[in-house]
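Each residue of the sequence shown is one higher than the last, beginning at 1 in full-length UniProt numbering. All residues carry an ideal CB built from backbone N, CA and C; glycine is no exception. Working notes, structure below.
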Amino acid sequence: MAVIDENGNQIKHGQRLLPQVIDAWATEDPDYIVGMMAKSNSNSIPLDFINFSVSQLANAVNYTSYWLDETLGVKAGDSIETIAFIGLQDFRYWAMYYAAIKTGRRLLLPSPRNALPNTTSLINATNCKTLFYSGPLASQAEALQKLIPSLNALPLPSLDTMIASPTPHYPYGKTWAEAKDDVVMIVHTSGSTGNPKPIFFTNTILNRTDCDVLTPHVEGRELATTALCKKGKRCFVGSNFFHLSGILFATTALFGRSTAVWGPADQLPSGKIAAEVVKSVGISGMVMVPSVCDSVFLDHDEELIPHLSGLEHICWLGGPLAYTTGEWITANLPHTKLWQIFGSTEANLLPMLISPSSHWQYMEFHPVIGPTLVPTADPELFEVVCHRLPDPDFAWARPTFHLFPELDEFRSRDLLRRCPDPGFENLWKFEGRVDDMMLLSNGLKVNPVHMETRLQAHPALKGALVFGDGHTSCALLLEPKLDIGRETLREVVWAAVEEANACVPEHARVSRDNLVVATHERPFVRASKGTVVRKLTLALYRDEIERVYERWDVE
1 MAVIDENGNQ IKHGQRLLPQ VIDAWATEDP DYIVGMMAKS NSNSIPLDFI
51 NFSVSQLANA VNYTSYWLDE TLGVKAGDSI ETIAFIGLQD FRYWAMYYAA
101 IKTGRRLLLP SPRNALPNTT SLINATNCKT LFYSGPLASQ AEALQKLIPS
151 LNALPLPSLD TMIASPTPHY PYGKTWAEAK DDVVMIVHTS GSTGNPKPIF
201 FTNTILNRTD CDVLTPHVEG RELATTALCK KGKRCFVGSN FFHLSGILFA
251 TTALFGRSTA VWGPADQLPS GKIAAEVVKS VGISGMVMVP SVCDSVFLDH
301 DEELIPHLSG LEHICWLGGP LAYTTGEWIT ANLPHTKLWQ IFGSTEANLL
351 PMLISPSSHW QYMEFHPVIG PTLVPTADPE LFEVVCHRLP DPDFAWARPT
401 FHLFPELDEF RSRDLLRRCP DPGFENLWKF EGRVDDMMLL SNGLKVNPVH
451 METRLQAHPA LKGALVFGDG HTSCALLLEP KLDIGRETLR EVVWAAVEEA
501 NACVPEHARV SRDNLVVATH ERPFVRASKG TVVRKLTLAL YRDEIERVYE
551 RWDVE
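In C-alpha cells form, the structure reads like this:
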C-alpha cells in the first residue's frame, strides 16, 4: 500500500503518518476489514462480530475530527491542547487516536482501572482540561469532575454515529519532517511505585512497527513482530486499547494491512473469551498476557484443537508463561510457533527473532539492533540495557531515546538468564525484574518468579505471590479462582506447591503453614495489561503478611 505525499512522491516505511495511511487505504481498498470485535450480546458459538472496514475507520476519524473542532473550537496556530478519553474498549479509541493527530491535539489515555487519585495526577500533570468518556465510564468521569472542578467532562458519540454519518475528508497535509516530533498521544506507567508517570508519544513512536521492514535480514530466521500480524491475516489481540500493546498492535494492523480481532468491548480479556473467538473465526496469530494464555489452552484445551489448524503464532507478553502451558502448546500444536515478545512503555518493542520451538521459554534478540545484556552482581543474571546505536539509520530501533533524548543508556531493570544448551547461547530466559528479587535475613537471595510461574496455571488459582523479603523464610499469597474455603484451597494446591518446591533452592521453599489465601473482596492489583503489581498487592495484605512474620519471630 503506497502512501503518496502532496507532491506525488511515495513515502518510505517509517515515515508514513497514520492518518494518511488510513486515507490512502480507504481509497484503495475501502471494504477491507481492519478490525473485528465480538458483540457483547453473542450467546452462542460462533460469536457475532462487528466488522470494521478501513473506509468506516476513515469516516469515523473524519467525523470525530470535525466533532472535536466543533465541540472544543478549532485550534489556533501552534497551541497545544490535551484531551483525555476513558471508555468502553471499542473502536472509538481508534477514532480518537487518529482524530487527535489530524486536529493537532494530544490524547491522554488513562487506564479506566486506575484509582481516581492516579488519574487525577495524570490529568493535572498533562494540563488536560477536557475528558471524553463512553458507556459505564460516566460515573468515573463524574467522580473526576468532583476532584478537579475545572475539568470539562463530555460523552463521546457512539461508534454507530461515527460510522453512519457520511463526513467529508478532514485534511491532514503535514509532511513527516513537520509531524515526526509532534506529541500526539500520552500513555502512562503502571504507578506501582507511586503516581503513574505520563509518557509522551510522538508520531515517531507510533511509527515504530512500520519500521520493522527495515530490520537487517538474518538468514533462515523470522522477525517476531512482522510474523505475528501478516498481510491479510487475523490476529487476536488480548490487550486493551489504552495500553501500549493494544496501541502497537492496532497500528501494526494499519501498517501491515492485517486484521486485529478483539473480544467484547464490555468484558476483560480472558481465556474463555479468547477460546470463543478462536472457535468463531479463523485466527492466524494470538497475543495475550500469560494468565489469559494459560487459561485458554489449559482450561479449553481439547475443545480448541479442531479450530487451531490455521494458527501460526502464539505470542505472550508481560512476564513468564507457565511451563505446563508451553509444553501443551508445543506438544499439541506442532505447526504453531510459540514465543515471547519483549518491551515496555519506555523502551517500546525490542527487535526480536522467533526462538525455535524446542526452546520456547527463551527469547532471542536481533543480533544487530537488539539490546545489550549487561552482567549483574549475580553471575547468572543479566540486565536488559538499551544503548544508542551508532548507525543513525537504525535510530528507530531505540525509540526510548526519542522519548528521553537526554539519555545515552536506558536500563530496563528486567533480568534474563542465558540458555545453557550448547548452540543456543544467544537465547535468554526472563527471570523477573530487579525490583522482584528478594534478600532473606540470612543473606540468601530468592527469585520469586520461579515458584510463581509454576503455580500460575493451577486451575484453582488466579495468581500467586511469594513474600518474605528481609525475613528468614518464604511464604505464599494465593488468589483463588474457585469459590472454596481457605483450608480447602490449601489442600487443593498443596501438591502443586510441593512440585514447585522441588524446583527451587531449599531456602526458597514454602511450608504448608505459610500459605496465605487472599479474599474475593481484595483481588490482586493488576496493571492495565493484566499482570500482577507485586508491591501494591503485598501492601493490600500487609496485616496478614505481618501476622506471618510475627509467628516466625515467636517460633
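Can you list, in chain order, the residues of its chain with a C-beta nearer than 8 Å to that of residue i? Leave out the 5 residues immediately preceding and following it.
i, result
"residue 282", "234 and 310"
"residue 493", "455, 458, 460, 461, 478 and 515"
"residue 45", "276, 279 and 280"
"residue 382", "373, 374, 375, 376, 415, 416, 417, 418 and 428"
"residue 284", "230, 233, 234, 235, 310, 311, 312 and 313"
"residue 329", "297, 314, 336, 338 and 360"
With a Cβ-Cβ cutoff of 9 Å, do residue i and residue j count as a contact?
i, j, result
"residue 162", "residue 100", "no"
"residue 356", "residue 316", "no"
"residue 204", "residue 369", "no"
"residue 112", "residue 145", "no"
"residue 52", "residue 25", "no"
"residue 292", "residue 270", "yes"
"residue 61", "residue 86", "no"
"residue 170", "residue 259", "no"
"residue 221", "residue 396", "no"
"residue 339", "residue 366", "no"
"residue 133", "residue 17", "no"
"residue 412", "residue 384", "yes"
"residue 88", "residue 136", "yes"
"residue 451", "residue 445", "no"
"residue 362", "residue 453", "no"
"residue 346", "residue 394", "no"
In chain order, what residues of the same chain have a beta carbon less than 7 Å from the beta carbon of residue i, not counting five sequence neighbours either side?
i, result
"residue 197", "188 and 189"
"residue 13", "210, 211, 213 and 214"
"residue 523", "479"
"residue 246", "237, 239 and 240"
"residue 553", "none"
"residue 537", "465, 524 and 525"
"residue 165", "63"
"residue 401", "388 and 407"
"residue 325", "293, 294, 297, 298 and 457"
Along the chain, where does the alpha helix (DSSP H) that runs through residue i open and close?
i, result
"residue 293", "290 to 298"
"residue 51", "Not the alpha helix (DSSP H): residue 51 falls in the beta strand (DSSP E), residues 49 to 53."
"residue 412", "Here residue 412 belongs to no alpha helix (DSSP H); instead the beta strand (DSSP E) covers 409 to 418."
"residue 259", "Unbroken run through residue 259 is the beta strand (DSSP E), 259 to 262; no alpha helix (DSSP H)."
"residue 504", "From DSSP, residue 504 is part of no alpha helix (DSSP H); its letter is neither H nor E."
"residue 117", "116 to 125"
"residue 387", "Run containing residue 387: none in the alpha helix (DSSP H); it sits in the beta strand (DSSP E), 382 to 387."
"residue 19", "18 to 28"
"residue 301", "301 to 304"
"residue 224", "224 to 228"
"residue 400", "400 to 403"
Output the boundary residues of the beta strand (DSSP E) element that contains residue i.
i, result
"residue 236", "234 to 237"
"residue 340", "337 to 340"
"residue 256", "Premise fails: residue 256 lies in the alpha helix (DSSP H), 244 to 256, not in any beta strand (DSSP E)."
"residue 133", "130 to 133"
"residue 35", "33 to 38"
"residue 554", "Unbroken run through residue 554 is the alpha helix (DSSP H), 542 to 554; no beta strand (DSSP E)."
"residue 372", "372 to 375"
"residue 268", "Counting along the chain, residue 268 falls outside any beta strand (DSSP E), and DSSP gives it neither H nor E."
"residue 515", "515 to 517"
Here's a check: name, in chain order, each residue in its chain whose Cβ is nearer than 6 Å to the Cβ of residue i, leaving out the five neighbours to either side.
i, result
"residue 564", "One cannot answer for residue 564 here, as it falls past the ends of the chain, which runs 1 to 555."
"residue 56", "163"
"residue 77", "In this prediction, residue 77 has a pLDDT of 49, which is less than 50 and means its spatial position is unreliable; what the coordinates show is noted afterwards. For residue 77, where only same-chain residues beyond five positions count, there are no Cβ hits under 6 Å."
"residue 296", "271, 274 and 275"
"residue 635", "The first residue shown for the chain is 1 and the last is 555, placing residue 635 beyond what the model contains."
Do residue i and the ligand HEM come close, with the Cβ less than 8 Å from some heavy atom?
i, result
"residue 65", "The model on display carries no ligand, and the ligand HEM is accordingly not part of it."
Using a Cβ-Cβ cut-off of 9 Å, state whether residue i counts as contacting chain B.
i, result
"residue 70", "The displayed structure is made up of one protein chain only, and chain B is not part of it."
Taking only runs of the alpha helix (DSSP H) that begin and end inside the region 147 to 222, which ones reach a length of at least 4 residues, in chain order? 159 to 164, 176 to 179 and 203 to 206
Within the region 67 to 111, note down every full alpha helix (DSSP H) run reaching 4 residues or more, in order along the chain. Counting only runs of 4+ residues, the alpha helix (DSSP H) found wholly inside the region 67 to 111 occupies 92 to 103, in chain order.
Could I get the ranges of all uninterrupted beta strand (DSSP E) runs contained in the region 423 to 495, with 3 residues as the minimum, in chain order? 428 to 433, 461 to 467 and 475 to 480
Segment contact flag, the region 471 to 488 with the region 411 to 429, C-beta cutoff 8 Å, min 3 pairs: no
Check whether the region 124 to 131 and the region 78 to 94 touch, using three or more Cβ-Cβ pairs below 8 Å as the test. yes
Stretch-stretch touch, CB-based, cutoff 8 Å, three pairs: the region 534 to 549 with the region 493 to 505: Taking a cut-off of 8 Å for Cβ pairs, the region 534 to 549 and the region 493 to 505 do not touch, as fewer than three such pairs fall below it.
Assess contact between the region 26 to 35 and the region 246 to 263, defined as three or more Cβ pairs (one per stretch) separated by less than 8 Å. Is contact present? yes
Would you check if the region 498 to 510 and the region 543 to 552 touch, i.e. whether three or more CB-CB distances between them fall below 8 Å? Under the 8 Å Cβ criterion, the region 543 to 552 does not count as touching the region 498 to 510, having fewer than three qualifying pairs.
Ordered list of alpha helix (DSSP H) runs contained in the region 306 to 364, each at least 4 residues: As for any alpha helix (DSSP H) of minimum length 4 sitting wholly inside the region 306 to 364, the runs are 323 to 332, ordered along the chain.
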